[in-house]
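Participant:
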Amino acid sequence: MEPSLTPGSVWALWHAMRDKGPLVQCITNLVSMDLMANTLLAAGASPAMAHALDEVEDFVGIADALLINISNLSSDWNAAKKLAAQKAVALGKPWVLDPVGCGATPYRTQMCLALLQLRPTVVRGNASEILALAGAAGSAVRGVDSTAESHEALDAAKALARRCSCIVAVSGATDLVTDGTRVAGVSNGVPLLTRVTATGCSLTALIAAFLAVAPKGGELEATAAALAVFGLAGETSLAAAPRPGPGSLRVGLLDALHIMGEAEVLAGVRVRVMEG
Amino acid sequence: MEPSLTPGSVWALWHAMRDKGPLVQCITNLVSMDLMANTLLAAGASPAMAHALDEVEDFVGIADALLINISNLSSDWNAAKKLAAQKAVALGKPWVLDPVGCGATPYRTQMCLALLQLRPTVVRGNASEILALAGAAGSAVRGVDSTAESHEALDAAKALARRCSCIVAVSGATDLVTDGTRVAGVSNGVPLLTRVTATGCSLTALIAAFLAVAPKGGELEATAAALAVFGLAGETSLAAAPRPGPGSLRVGLLDALHIMGEAEVLAGVRVRVMEG
Amino acid sequence: MEPSLTPGSVWALWHAMRDKGPLVQCITNLVSMDLMANTLLAAGASPAMAHALDEVEDFVGIADALLINISNLSSDWNAAKKLAAQKAVALGKPWVLDPVGCGATPYRTQMCLALLQLRPTVVRGNASEILALAGAAGSAVRGVDSTAESHEALDAAKALARRCSCIVAVSGATDLVTDGTRVAGVSNGVPLLTRVTATGCSLTALIAAFLAVAPKGGELEATAAALAVFGLAGETSLAAAPRPGPGSLRVGLLDALHIMGEAEVLAGVRVRVMEG
Chain A
1099 MEPSLTPGSV WALWHAMRDK GPLVQCITNL VSMDLMANTL LAAGASPAMA HALDEVEDFV
1159 GIADALLINI SNLSSDWNAA KKLAAQKAVA LGKPWVLDPV GCGATPYRTQ MCLALLQLRP
1219 TVVRGNASEI LALAGAAGSA VRGVDSTAES HEALDAAKAL ARRCSCIVAV SGATDLVTDG
1279 TRVAGVSNGV PLLTRVTATG CSLTALIAAF LAVAPKGGEL EATAAALAVF GLAGETSLAA
1339 APRPGPGSLR VGLLDALHIM GEAEVLAGVR VRVMEG
Chain B
1099 MEPSLTPGSV WALWHAMRDK GPLVQCITNL VSMDLMANTL LAAGASPAMA HALDEVEDFV
1159 GIADALLINI SNLSSDWNAA KKLAAQKAVA LGKPWVLDPV GCGATPYRTQ MCLALLQLRP
1219 TVVRGNASEI LALAGAAGSA VRGVDSTAES HEALDAAKAL ARRCSCIVAV SGATDLVTDG
1279 TRVAGVSNGV PLLTRVTATG CSLTALIAAF LAVAPKGGEL EATAAALAVF GLAGETSLAA
1339 APRPGPGSLR VGLLDALHIM GEAEVLAGVR VRVMEG
Chain C
1099 MEPSLTPGSV WALWHAMRDK GPLVQCITNL VSMDLMANTL LAAGASPAMA HALDEVEDFV
1159 GIADALLINI SNLSSDWNAA KKLAAQKAVA LGKPWVLDPV GCGATPYRTQ MCLALLQLRP
1219 TVVRGNASEI LALAGAAGSA VRGVDSTAES HEALDAAKAL ARRCSCIVAV SGATDLVTDG
1279 TRVAGVSNGV PLLTRVTATG CSLTALIAAF LAVAPKGGEL EATAAALAVF GLAGETSLAA
1339 APRPGPGSLR VGLLDALHIM GEAEVLAGVR VRVMEG
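Residue numbers (my numbering), protein chains in the order written: chain A, 1099 to 1374; chain B, 1099 to 1374; chain C, 1099 to 1374.
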């Protein structure tokens, strides 16, 4: 079946992912572990937060997909990330790179570039991170929060996708996903998600879960589907929240991912092919 | 007083634990720290997440009980776990082993076996972990989630308990607790707890808190009591949740542990002696 | 403008902090990361949980304030804390020390003293920690929870503030803040906050955020303002909680910080100058 990007195709992937319950290995920063593992569990996947040098490759062997977030930069972890990425590529398993804070410090940027060379299936960042990663001059990255809008990073994302033969996703008010030629847009989500730590990191892990069930050649669509489902969960969470704050939003996000059914997906996801 | 296992004895232990507020030292994996510390605090105990090599033994000296979860496998942490376990045994303080993901990788299994030799008071795992730990051939462990039912692991649990002279608890739809001869069953809990990360880890820490007030020879009963109280908190949380999802369940679990009183315990815990 | 301490001045600082959205670099223990980052985000600041040796000084260069919590005691982290503190002082940026569990073990006390020599702007601890840090003989510190009341530590806090030329804040039923001569009191907060892990740690990070907008010479007032706002958020959270437990309190705390407006601050904060 040809990959497509419609509410119906998002639902089909979401259903397939929950049916399979893929094991997603996560090598991530310390602050995101709790929400990331809970996001995967709520969505029906199975997280494995396994990064120890002595077992990291064995774990890739039993995992269905791999998430690498660069933002725990200790030397042991950096070595584990490289081993895991290499093993995933060797085994033909999808892996996703989250270049958190790329551009904020020279060391961080260097680590992102080193991992980029290990052929991720998908790279997901905010506009500033993608701009910095693509080497777009003049990008001002401040901390790990984005200072640019996603559309400003589209040209950089396309160039990056072509150079690395991967999918690049840029989070923002409208999320953009590109393989260098085609561009998909996702308009789900609420601004308050940026006031909850680790939502971007957790979203990237959900992309890995979707990739575990994506057909070959359907990585762009699977990435967009994960973005849409996660954003929609944010919307329904905020609508149901007793108080419109980030504490309630975070709790409800997990509830919404767990509960989200076909009718909600079909009525709520806003995805479209913008180019190609 | 002879240890017994009834709703009344569970309440007596729960009340004694909250009255004492034991200091429970936890050496655990990174993803479970937040929920584990909050579980102990909600239950009335005092957590100390202390694992640094230079102070780990000193902390055992002031702690009332010790929890060791094997699942942060860096070399520093592995050394700290061994020092802490040895110190606990030397001081006659109870310690509990959580063999997370035992069987998933050879390295992980090896680390579990090394700690098992340091004479834990209680071992708590899911069926797959206990099967793997007991060396039961044919156990298929997938990630850190259980693929076997608890009753399948009962024979393995009994053999393990006899070989190591410890209590072994197997979590599942019905939790089983054995000293190798006697078997207790606990039927509290809700399946959705498996969709919240670190609930198993946190439960094991609560066992340590109960052991801090258990009479000598009453370790089996104290372990079963902790399982019952934790499971009951899950039930009351889900019943009171605004939406039946894992986000609300987790929040309500902590509320329920904090609030749980005598009437609720007497009416809600489902414990029984199955053998012996 | 002369620094002052009234509900109106607390509101002015709170408003200025949210308007600026300062980047607060946090080097903290593992169990507090999630709540700390979410506290800063809910309050309108931007957290950076950056501690890697290879970038920690670069991050101080882009941060507006720095929080150092001593309680991850691995050698890499200890070195990073020292580098970060030295860099903050060199750049004239405020930094706050949280001496968690000072006195519990000799190693921990030694690490606190080493950091104290690096000239923190503010030190925030509970009474036992401040007593231990000040070298007040006879202080019994049990784990990381306080066994003394804040007023018992006032003399020790004053002496410490004078010796180190810093602000010292002692948390308790009434929080006390002193520069060695003047003393401010804050009476916001609820006892149940002590049943949620990392609330003290997160409060200290919020002090750093306030310092980022405090006028020179207004550090005492900014510290008291942060204590008042955090305590008030706890009060409004508990009042609005569906069940009066620590799970709901934690969720609502973040909602309350995000939502808290001028009328609430003016009506709710309880601050006063007690001496000087």
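Idealized CB from N, CA, C, for every residue including glycine.
1. Can you give the Cα-Cα distance for C:L1103 and C:A1323, rounded to whole angstroms?
2. What is the C-beta distance between A:G1329 and A:N1286, in whole angstroms, given that I count them as a contact (C-beta under 8 Å)?
3. Taking Cβ positions only, does C:D1196 come closer than 8 Å to chain B?
4. At which residues does the beta strand (DSSP E) containing A:N1167 begin and terminate?
5. Within 8 Å of any Cβ in chain A, is that where the Cβ of C:V1349 sits?
6. Just reading off the alpha helix (DSSP H) that A:A1312 is part of, what are its end residues?
7. Take every Cβ of the segment 1157–1172 of chain C, pair it with every Cβ of the segment 1125–1134 of chain C, and state whether three or more of those distances are shorter than 8 Å.
8. Report buried or exposed for B:S1263, applying the criterion of at least 16 other Cβ atoms within 10 angstroms of its Cβ.
9. Suppose the cutoff is 6 Å on Cβ atoms and the five residues either side in sequence are ignored; what does the same chain contact list for B:L1252 look like?
10. Counting contacts by CB-CB distance shorter than 8 Å, is C:M1131 in contact with chain A?
11. Would you say B:F1157 reaches chain C, if we count a Cβ-Cβ gap shorter than 8 Å as a contact?
12. If you draw a straight line from the alpha carbon of A:L1258 to that of A:W1193, how long is it in whole angstroms?
13. So B:A1177 is in the alpha helix (DSSP H); what residue range does that whole segment cover?
14. Using the Cα positions of B:E1155 and C:L1211, report the straight-line distance between them to the nearest angstrom.
15. Which residues does DSSP pair with C:T1203 in a beta bridge?
16. If you pair each beta-carbon of the segment 1358–1365 of chain B with each one of the segment 1310–1322 of chain B, do three or more pairs fall below 8 Å?
17. Within 8 Å of any Cβ in chain B, is that where the Cβ of C:R1116 sits?
18. In chain B, which residues lie less than 7 Å from A:E1153 when you measure between Cβ atoms?
19. Quick one: does B:H1356 have its CB under 8 Å from some CB of chain C?
20. For the alpha helix (DSSP H) that contains B:E1153, what are its first and last residues?
21. Nearest CA to the CA of C:T1292: which residue from B:A1140, B:V1108, B:A1354 and B:A1306?
22. Would you call the CB atoms of C:L1352 and C:N1136 closer than 8 Å?
23. Pull up the distance between the alpha-carbon of C:G1199 and that of B:A1148, whole angstroms please.
24. Would B:L1304 pass as a contact of B:A1320 if the rule is Cβ separation under 8 Å?
25. Determine the DSSP secondary structure at C:R1240, reduced to helix, strand or coil.
26. Between B:G1345 and chain A, is the shortest Cβ-Cβ distance under 8 Å, so that the two count as touching?
27. Quick one: does B:R1293 have its CB under 8 Å from some CB of chain A?
28. If you measure from the CB of A:K1185, is any heavy atom of the ligand PLP nearer than 7 Å?
29. Any idea which residues DSSP pairs C:A1146 with across the strands?
30. If you reduce the DSSP assignment to three classes, tell me which class B:R1261 lands in.
31. Assuming A:A1337 and B:R1341 make a contact with CB atoms under 8 Å, what is their CB distance in whole Å?
32. Please confirm whether A:A1375 has its beta-carbon closer than 8 Å to some beta-carbon of chain B.
33. Considering just the uninterrupted stretch of the alpha helix (DSSP H) at C:G1283, what are its terminal residues?
34. Can you find a CB in chain B that lies within less than 8 Å of the CB of A:P1408?
35. Would you kindly work out how many angstroms separate the C-alpha atoms of A:V1311 and B:D1162, rounded to a whole number?
36. From the beta carbon of A:R1341, is the nearest beta carbon of chain C less than 8 Å away?
Facilitator: With the structure as the only source:
1. Numbered from its first residue, the third sequence carries residue 1103 of chain C at position 5. Numbered from its first residue, the third sequence carries residue 1323 of chain C at position 225. Straight through space, the alpha carbons of C:A1323 and C:L1103 are spaced by roughly 8 Å.
2. Taking the first sequence and counting its residues from 1, one reaches residue 1329 of chain A at position 231. Taking the first sequence and counting its residues from 1, one reaches residue 1286 of chain A at position 188. The pair is a contact, with the Cβ atoms about 3 Å apart (cut-off 8 Å).
3. Within the third sequence, the letter at position 98 stands for residue 1196 of chain C. By this cut-off, C:D1196 is not an interface position.
4. The residue labelled residue 1167 of chain A in the question sits at position 69 within the first sequence. Where A:N1167 is concerned, the enclosing beta strand (DSSP E) stretches over A1163 to N1167.
5. Here residue 1349 of chain C refers to the residue found at position 251 when the third sequence is read from its first residue. Yes, because at least one Cβ of chain A sits closer than 8 Å to the Cβ of C:V1349.
6. To locate residue 1312 of chain A, count along the first sequence from 1; it is residue 214. A:A1312 -> no alpha helix (DSSP H), and no H or E assigned at all.
7. Judged by pairs of C-beta atoms under 8 Å, the segment 1157–1172 of chain C touches the segment 1125–1134 of chain C, as three or more such pairs exist.
8. For the purposes of this step, residue 1263 of chain B is identified with residue 165 of the second sequence, where counting begins at 1. Burial call: exposed.
9. Numbered from 1 along the second sequence, position 154 holds the residue referred to as residue 1252 of chain B. L1274, listed in sequence order.
10. Taking the first residue of the third sequence as position 1, residue 1131 of chain C is located at position 33. C:M1131 belongs to the set of residues whose beta carbon lies under 8 Å from a beta carbon in chain A.
11. As a working mapping, residue 1157 of chain B is identified with position 59 in the second sequence. Output row for B:F1157: interface = yes.
12. Numbered from 1 along the first sequence, position 160 holds the residue referred to as residue 1258 of chain A. Numbered from 1 along the first sequence, position 95 holds the residue referred to as residue 1193 of chain A. Taking the Cα positions, A:L1258 is about 16 Å away from A:W1193.
13. Numbered from 1 along the second sequence, position 79 holds the residue referred to as residue 1177 of chain B. Annotation for B:A1177: the continuous alpha helix (DSSP H) segment containing it runs S1173 to L1189.
14. Mapped onto the second sequence, residue 1155 of chain B falls at position 57. Mapped onto the third sequence, residue 1211 of chain C falls at position 113. Whole-angstrom Cα-Cα distance: 21 Å.
15. Here residue 1203 of chain C refers to the residue found at position 105 when the third sequence is read from its first residue. DSSP, once it has assigned bridges, lists no residue as partnering C:T1203.
16. With a cut-off of 8 Å on Cβ pairs, the segment 1358–1365 of chain B is not in contact with the segment 1310–1322 of chain B, counting fewer than three such pairs.
17. Against the third sequence, residue 1116 of chain C aligns to sequence position 18. No - not a single Cβ of chain B is within 8 Å of the one on C:R1116.
18. Against the first sequence, residue 1153 of chain A aligns to sequence position 55. L1171, T1203, Y1205 and R1206, listed in chain order.
19. Here residue 1356 of chain B corresponds to residue number 258 of the second sequence, with the count starting at 1. It does; some Cβ of chain C falls within 8 Å.
20. As a working note, residue 1153 of chain B is residue 55 in the second sequence. Careful: B:E1153 lies outside any alpha helix (DSSP H) and carries neither H nor E.
21. The count along the third sequence starts at 1 and reaches residue 1292 of chain C at position 194. Nearest to C:T1292 by C-alpha distance, out of B:A1140, B:V1108, B:A1354 and B:A1306, is B:A1140.
22. Numbered from 1 along the third sequence, position 254 holds the residue referred to as residue 1352 of chain C. Numbered from 1 along the third sequence, position 38 holds the residue referred to as residue 1136 of chain C. In this structure, C:L1352 lies near C:N1136, with their beta-carbon atoms less than 8 Å apart.
23. Within the third sequence, numbered from 1, the residue matching residue 1199 of chain C stands at position 101. Within the second sequence, numbered from 1, the residue matching residue 1148 of chain B stands at position 50. Whole-angstrom Cα-Cα distance: 10 Å.
24. Indexing the second sequence from 1 puts residue 1304 of chain B at position 206. Indexing the second sequence from 1 puts residue 1320 of chain B at position 222. Not in contact: B:L1304 and B:A1320 (Cβ atoms no closer than 8 Å).
25. For the purposes of this step, residue 1240 of chain C is taken as residue 142 along the third sequence, with counting starting at 1. Note that C:R1240 has pLDDT 44, beneath the 50 cutoff, so the model's placement of it is unreliable and the number below is only indicative. Secondary structure at C:R1240: strand, using DSSP grouped into helix, strand and coil.
26. Looking up residue 1345 of chain B in the second sequence gives position 247. Closer than 8 Å to some Cβ of chain A, the Cβ of B:G1345 qualifies, so yes.
27. As a working mapping, residue 1293 of chain B is identified with position 195 in the second sequence. Yes - at least one Cβ of chain A is within 8 Å of the one on B:R1293.
28. Only the bare structure without any ligand can be found here, which leaves the ligand PLP out of the picture.
29. In the third sequence, the residue the question calls residue 1146 of chain C occupies position 48. DSSP lists C:Q1123 as the bridge partner or partners of C:A1146.
30. As a first step, residue 1261 of chain B is located in the second sequence; it is residue number 163 there, counting from the start. The three-state secondary structure of B:R1261, taken from DSSP, is helix.
31. For this step, residue 1337 of chain A is matched to residue 239 along the first sequence. For this step, residue 1341 of chain B is matched to residue 243 along the second sequence. With a Cβ gap of about 11 Å, A:A1337 and B:R1341 do not count as contacting.
32. Since the displayed chain A opens at 1099 and closes at 1374, residue 1375 of chain A lies outside it and no answer follows.
33. On the third sequence, position 185 is the one that residue 1283 of chain C refers to. Following the DSSP letters along the chain, one finds C:G1283 in no alpha helix (DSSP H) but inside the beta strand (DSSP E) bounded by residues V1281 to V1284.
34. Residue coverage of chain A in this structure runs from 1099 to 1374, which leaves residue 1408 of chain A outside it and unanswerable.
35. Taking the first sequence and counting its residues from 1, one reaches residue 1311 of chain A at position 213. Taking the second sequence and counting its residues from 1, one reaches residue 1162 of chain B at position 64. Between the alpha carbons of A:V1311 and B:D1162 lies a gap of roughly 47 Å.
36. Here the question's residue 1341 of chain A lines up with position 243 in the first sequence. Against chain C, the CB of A:R1341 has a partner CB under 8 Å away; the residue lies at that interface.
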